[in-house]
Structure formats: C-alpha cells, structure tokens
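Following: one structure in structure tokens, then a few remarks.
Residue numbers (this note's numbering): 18 to 74.
In structure tokens form, the structure reads like this:
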C-alpha cells in the first residue's frame, strides 16, 4: 500500500503536514506532497485530511 494525494482535492490547509509523525509531507504550490521514502504508511494524514484528498492505495 502507498499513501496518495489527489491534488485536485487538496486545499493546502497543511493539517496533514502537522499530523505526520515522520515529517514526510510538505506543501508545494499549496498542495500536499508525500516523500514516499520517508512515509511509513501510518495513515495519520489520511485520518486528518478534512477534504479527503489523501488515501491509502
């Protein structure tokens, strides 16, 4: 599984950045981008995203 961001749904609120325990997410051009090498697939960002733009696939 991998965590994916639907950039068209991302509002750039930054909640996922704050919730990520391994700092694997950053905002680029006001959209969340996940560093797949740093991400541990914990799901914190999925649970915290108010626009449901992040999912496990």
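Glycine is no exception: its CB is placed at the ideal position from the N, C-alpha and C atoms.
- One alpha carbon belongs to residue 51, the other to residue 31, and they sit about 12 Å apart.
- Beta-bridge partners assigned by DSSP to residue 21: 72.
- Shortest Cα-Cα distance from residue 58 to any of 28, 44, 40 and 45 involves 40.
- Separation of residue 74 and residue 62 (C-alpha to C-alpha, rounded to the nearest whole angstrom) is 13 Å.
- In the same chain as residue 43, and ignoring 5 residues on each side of it, the C-beta atoms closer than 7 Å to its own belong to 34 and 50, in chain order.
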